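Asks:
Numbering (the numbering used here), first residue to last: 2 to 236.
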């Protein structure tokens, strides 16, 4: 099991540091995803000719997911799944108020992973779905029509779950801001976060440091994911 070097126990001799927690590629992904989801929701509500743009938003989100999944393996330390994936011990420590760390807390990590899973399912059902009127997913013709109709229904159901999860996410941000006096939005804008209770003997590390080559590879795979999502003929 990978060791999380960016979580540390409470110490009697601690300090407070401003740490570069989130790398620029991860922050760009975050805000582009926010905009893409908002655009997809609005175009779906309007319907009609806007469904074509809804489909384009889905392809863009497919590319973003391709980037994030890749970045979860080769990106900066705070972005890697192995670094922040919740474990029973870290969840227990967080619920008991003993967890210390730089990036996602264990509950936040659960939310991130669930969001990525929901978005992936939403994109897949959208690619395979159709509404018989304004929209036909690029992959809907490669499967049986009855299956495509069922996946379309799931696409609508999952959108409700997705909106509910986003609502919980916004509620958590509000709770942290107003109750715990902890602004979680600002670090996602600046990349930097003021961290308390860092042991004095803890070495200074940059959890947001990443390789330009890794970033280039993630961009290529993101573009490939969007392209393959739009081209069923490659099978």
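Cβ atoms here follow ideal geometry from the backbone N, Cα and C, with glycine treated the same way. It should be emphasised that the depicted structure is a prediction, and the values quoted were computed from it without experimental measurement.
#1: To the nearest angstrom, how far is it from the Cα of residue 125 to the Cα of residue 35?
#2: Relative to the C-alpha of residue 93, which residue among 49, 29, 178 and 107 is closest?
#3: Helix, strand or coil: which one does DSSP assign to residue 180?
#4: Would you kindly work out how many angstroms separate the C-alpha atoms of residue 52 and residue 131, rounded to a whole number?
#5: In chain order, what residues of the same chain lie with their CB nearer than 7 angstroms to the CB of residue 207, ignoring the 5 residues before and after it?
#6: Give the single residue among 55, 80, 115 and 23 whose Cα lies nearest to the Cα of residue 163.
#7: Is residue 50 near residue 135, with beta carbons less than 9 angstroms apart?
#8: Where residue 104 and residue 218 are concerned, what is the direct C-alpha to C-alpha distance, given to the nearest angstrom?
#9: Pick from 233, 229, 171 and 222: whose alpha carbon is nearest that of residue 71?
#10: Do you know offhand how far residue 100's Cα is from residue 88's?
#11: Compare the beta carbon distance of residue 91 and residue 209 with 9 angstroms and say whether it is the shorter of the two.
#12: Counting only the same chain and skipping the five closest in sequence on each side, list residues whose C-beta sits under 6 angstroms from that of residue 40.
#13: For residue 32, count the other beta carbons within 10 Å of its own beta carbon; 16 or more makes it buried, fewer makes it exposed. Which is it?
#14: Output needed for residue 60: all residues of its chain with C-beta closer than 6 angstroms, excluding positions within five of it in sequence on either side, in chain order.
#15: Of all the options 225, 224 and 215, which has the alpha carbon lying nearest to the alpha carbon of residue 24?
#16: Check the C-beta distance from residue 55 over to residue 45 and give it rounded, since I have them as a contact under 8 angstroms.
#17: Tell me residue 21's beta-bridge partners as DSSP assigns them.
#18: State the DSSP-derived secondary structure class of residue 102, mapped to helix, strand or coil.
#19: Going by the CB atoms, is the gap between residue 225 and residue 127 shorter than 9 angstroms?
#20: Would you report the Cα separation of residue 160 and residue 175, rounded to the nearest angstrom?
#21: Roughly how many angstroms separate the alpha carbons of residue 5 and residue 211, rounded to a whole number?
#22: Exposed or buried, what is residue 38 when buried is set at 16 or more other beta-carbons lying within 10 Å of its beta-carbon?
#23: List in chain order: all unbroken alpha helix (DSSP H) runs of 4+ residues lying wholly within the segment 210–234.
Replies: Once the coordinates are examined:
#1: In the chain shown, residue 125 corresponds to position 124, counting from 1. In the chain shown, residue 35 corresponds to position 34, counting from 1. Going by the C-alpha atoms only, they are around 19 angstroms apart.
#2: Numbered from 1 along the chain shown, position 92 holds the residue referred to as residue 93. Of 49, 29, 178 and 107, the residue nearest in Cα terms is 107.
#3: One-based indexing of the chain shown puts residue 180 at position 179. Residue state, collapsed to three classes: coil.
#4: The residue given as residue 52 occupies position 51 in the chain shown. The residue given as residue 131 occupies position 130 in the chain shown. So the alpha carbons of these two residues sit roughly 11 angstroms apart.
#5: For the purposes of this step, residue 207 is taken as the residue at position 206 of the chain shown. When the five nearest sequence neighbours on each side are left out, the beta carbons in the same chain lying within less than 7 angstroms of the beta carbon of residue 207 are those of 21, in order along the chain.
#6: Indexing the chain shown from 1 puts residue 163 at position 162. 115 is the residue among 55, 80, 115 and 23 whose C-alpha sits nearest the C-alpha of residue 163.
#7: Along the chain shown, read from residue 1 onward, the residue named residue 50 stands at position 49. Along the chain shown, read from residue 1 onward, the residue named residue 135 stands at position 134. Inclusion of residue 50 and residue 135 in the CB contact set at 9 angstroms is warranted, their separation being smaller than that value.
#8: The residue labelled residue 104 in the question sits at position 103 within the chain shown. The residue labelled residue 218 in the question sits at position 217 within the chain shown. Answer to the nearest angstrom: the Cα atoms are 23 angstroms apart.
#9: For the purposes of this step, residue 71 is taken as residue 70 along the chain shown, with counting starting at 1. The residue with the shortest Cα to Cα distance from residue 71 is 222.
#10: In the chain shown, residue 100 corresponds to position 99, counting from 1. In the chain shown, residue 88 corresponds to position 87, counting from 1. Cα atoms of residue 100 and residue 88: separation of roughly 12 angstroms, rounded to the nearest angstrom.
#11: Taking the chain shown and counting its residues from 1, one reaches residue 91 at position 90. Taking the chain shown and counting its residues from 1, one reaches residue 209 at position 208. At least 9 angstroms separates the beta-carbon of residue 91 from that of residue 209.
#12: The sequence position of residue 40 within the chain shown is 39, counting from 1. Within the same chain, and ignoring the five residues on either side of residue 40 in sequence, the residues whose Cβ sits closer than 6 angstroms to its Cβ are 58.
#13: The residue labelled residue 32 in the question sits at position 31 within the chain shown. With fewer than 16 neighbouring CB atoms inside 10 Å of its own CB, residue 32 falls in the exposed class.
#14: For the purposes of this step, residue 60 is identified with residue 59 of the chain shown, where counting begins at 1. Same-chain partners within the cutoff: 227, 230 and 231.
#15: To locate residue 24, count along the chain shown from 1; it is residue 23. It is 215 whose Cα lies nearest to the Cα of residue 24.
#16: Position 54 of the chain shown, counted from the start, is the residue given in the question as residue 55. Position 44 of the chain shown, counted from the start, is the residue given in the question as residue 45. For residue 55 against residue 45, the beta-carbon gap comes to about 5 angstroms, under 8 angstroms, which counts as contact.
#17: The residue labelled residue 21 in the question sits at position 20 within the chain shown. According to DSSP, which records beta bridges pairwise, residue 21 is partnered with 193.
#18: One-based indexing of the chain shown puts residue 102 at position 101. Residue 102 falls in the strand class under three-state DSSP.
#19: Residue numbering aside, residue 127 sits at position 126 when the chain shown is read from its first letter. Residue numbering aside, residue 225 sits at position 224 when the chain shown is read from its first letter. Result no, Cβ atoms of residue 127 and residue 225 do not sit closer than 9 angstroms.
#20: Counted from its first residue, the chain shown places residue 160 at position 159. Counted from its first residue, the chain shown places residue 175 at position 174. Going by the C-alpha atoms only, they are around 22 angstroms apart.
#21: For the purposes of this step, residue 5 is taken as the residue at position 4 of the chain shown. For the purposes of this step, residue 211 is taken as the residue at position 210 of the chain shown. Low local confidence applies: a pLDDT of 44 at residue 5 is under 50, so the model's placement there is unreliable, with the coordinate-based value given in what follows. Spanning the alpha carbons of residue 5 and residue 211 requires a straight line of approximately 17 angstroms.
#22: As a working mapping, residue 38 is identified with position 37 in the chain shown. In summary, residue 38 is buried, with 16 or more beta-carbon neighbours lying within 10 Å of its beta-carbon over all protein chains present.
#23: DSSP assignment within the segment 210–234 yields the following whole alpha helix (DSSP H) runs of 4 residues or more, N-terminal first: 213–231.
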